[in-house]
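Trainee: Chains S and Z, in that order, are what the protein sequence lines are. Read left to right, the first sequence gives residues 247 to 347 (my numbering). Read left to right, the second sequence gives residues 24 to 193 (my numbering). Take a look at the following structure, please.
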Amino acid sequence: MTPGLHHYLIVSALLFSLGLLGVVARRNLFVIYMGLELMLNASNLALVAFSRYHNNLNGQVMVFFVITVAAAEVAVGLALLVALYRKRQTAHVEDLTSLKL
Amino acid sequence: MPQFTDLFFYALAGLTLLFGFLTVLNPLSRSPVTSAMFLVLTILCMAGLFVLLHAFFLAAVQILVYAGAVMVVFLFVIMLLDLKADQRRHFNKIAVGLGGLSALAIAGTLVASIVTTIPVSQTAGRLAEGETKALGRLLFESHILPFEILSVLLLVAMVGAILITKKDLR
Numbered sequence: 247m248t249p250g251l252h253h254y255l256i257v258s259a260l261l262f263s264l265g266l267l268g269v270v271a272r273r274n275l276f277v278i279y280m281g282l283e284l285m286l287n288a289s290n291l292a293l294v295a296f297s298r299y300h301n302n303l304n305g306q307v308m309v310f311f312v313i314t315v316a317a318a319e320v321a322v323g324l325a326l327l328v329a330l331y332r333k334r335q336t337a338h339v340e341d342l343t344s345l346k347l
Numbered sequence: 024m025p026q027f028t029d030l031f032f033y034a035l036a037g038l039t040l041l042f043g044f045l046t047v048l049n050p051l052s053r054s055p056v057t058s059a060m061f062l063v064l065t066i067l068c069m070a071g072l073f074v075l076l077h078a079f080f081l082a083a084v085q086i087l088v089y090a091g092a093v094m095v096v097f098l099f100v101i102m103l104l105d106l107k108a109d110q111r112r113h114f115n116k117i118a119v120g121l122g123g124l125s126a127l128a129i130a131g132t133l134v135a136s137i138v139t140t141i142p143v144s145q146t147a148g149r150l151a152e153g154e155t156k157a158l159g160r161l162l163f164e165s166h167i168l169p170f171e172i173l174s175v176l177l178l179v180a181m182v183g184a185i186l187i188t189k190k191d192l193r
């Protein structure tokens, strides 16, 4: 069966839920970050598939912007992680409970 | 007879999902370095899917920016911080169960809505010649303002990252 728009969208939906699984199930901040990246990539795949099947290049421009913003987000997020590690010597969310009552 | 590109799609889609799963829940290793390596493989397979969708420029950007720059920063920070203590911890069973449940719920909702709303017979339209050229024209003609704002955002992120990681803020 020739893959159509819905094949790509289903792959994108499954990849998005895998990213969500990483964010919810894992306790390591780095892996949570990677889950976020997976979710961003899944939405990129959906945008490119829509742009291809509707013959409209605006979707690809959007993906270009998303990739750039994700790169900026990774830089700032990892800087925050480094600052956090300097203070607490951990990258594990269960050790970061100072806001808990 | 199925075409080669169809086989490529199924192979790449399967590999993307397999590597994505190994990124988030690798049964053999809890090390973030392993996760990062599998994320690189996921991203490479997604670049292959982009090529199948005729988005050649984005496939190149995906490999250069994601698999190159972003993942190098990830690995650099992971290796900079010594995370040996984290690897001895086991998966939190409740968290994995609830996470799997929520992921299944989201996946079920999305797949059901896709299957019921997208017509199966939808085929790809004719492509404009020289798609990368058309993309560049679109980017620099009608989307020039967001493009410039994005460059400011990158500058802000760069300065912010340097400032946040400084030892003593003064």
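We put the beta carbon where it would ideally sit given N, CA and C, even for glycine. None of these values were measured; they are calculated from a predicted model.
1. For a contact meaning CB atoms closer than 8 Å, what does residue 263 of chain S contact in chain Z?
2. Please classify residue 37 of chain Z: is it buried, with 16 or more other beta-carbons within 10 angstroms of its beta-carbon, or exposed?
3. Assign residue 340 of chain S to buried or exposed, taking buried as 16 or more other Cβ atoms, counted over all protein chains shown, within 10 Å of its Cβ.
4. Of the residues that make up the stretch 29-48 of chain Z, which ones have a beta carbon closer than 8 Å to any beta carbon in chain S?
5. Looking at residue 342 of chain S and residue 334 of chain S, is the spacing between their C-beta atoms short of 8 Å?
6. Should residue 253 of chain S go down as buried or exposed, given a rule of 16 or more other Cβ atoms within 10 Å for buried?
7. Answer with buried or exposed for residue 258 of chain S, where buried requires no fewer than 16 other C-beta atoms within 10 angstroms of its C-beta.
8. What are the residues in the stretch 89-120 of chain Z lying within 8 Å of chain S by C-beta distance?
9. With respect to the alpha helix (DSSP H) encompassing residue 47 of chain Z, which residues constitute its N-terminal and C-terminal limits?
10. Does DSSP put residue 113 of chain Z in a helix, in a strand, or in coil?
11. If we cut at 8 Å on Cβ distances, does residue 343 of chain S have a partner in chain A?
12. For residue 282 of chain S, which residues in chain Z fall below 9 Å Cβ to Cβ?
13. Determine the chain Z residues that contact residue 312 of chain S at a beta-carbon separation under 8 Å, and present them in chain order.
14. Based on the DSSP output, what are the partners of residue 77 of chain Z in its beta bridges?
Mentor: Put simply:
1. The sequence position of residue 263 of chain S within the first sequence is 17, counting from 1. Going along chain Z in sequence order, the residues near residue 263 of chain S (Cβ under 8 Å) are 126, 127, 129, 130, 133.
2. Here the question's residue 37 of chain Z lines up with position 14 in the second sequence. By the neighbour-count definition (other C-beta atoms within 10 Å, threshold 16), residue 37 of chain Z is an exposed residue.
3. Taking the first residue of the first sequence as position 1, residue 340 of chain S is located at position 94. Under this definition residue 340 of chain S is an exposed residue.
4. Result list: 29, 32, 33, 36, 39, 40, 43, 44, 46, 47, 48.
5. In the first sequence, counting from the first residue as 1, residue 334 of chain S sits at position 88. In the first sequence, counting from the first residue as 1, residue 342 of chain S sits at position 96. Contact: yes.
6. On the first sequence, position 7 is the one that residue 253 of chain S refers to. Buried is the call here.
7. Counting from 1 along the first sequence, the entry for residue 258 of chain S is found at position 12. Buried, since its Cβ has 16 or more Cβ neighbours within 10 Å.
8. Contacts with chain S (Cβ-Cβ distance below 8 Å) from the stretch 89-120 of chain Z involve 89, 92, 93, 96, 97, 100, 101, 103, 104, 106, 108, 109, 112, 114, 115, 118, 119, listed in chain order.
9. To locate residue 47 of chain Z, count along the second sequence from 1; it is residue 24. 27-47 is the extent of the alpha helix (DSSP H) around residue 47 of chain Z.
10. Along the second sequence, read from residue 1 onward, the residue named residue 113 of chain Z stands at position 90. DSSP, read as helix, strand or coil, puts residue 113 of chain Z in coil.
11. Among the protein chains in the structure shown, which are S and Z, there is no chain A.
12. The count along the first sequence starts at 1 and reaches residue 282 of chain S at position 36. What residue 282 of chain S touches in chain Z: nothing, since even the nearest Cβ is about 11 Å away.
13. Stepping through the first sequence from its first residue, residue 312 of chain S is reached at position 66. Within 8 Å Cβ-Cβ: nothing; residue 312 of chain S doesn't reach chain Z, min ~10 Å.
14. If you number the second sequence from 1, residue 77 of chain Z lands on position 54. Beta bridge pairing from DSSP links residue 77 of chain Z with no other residue.
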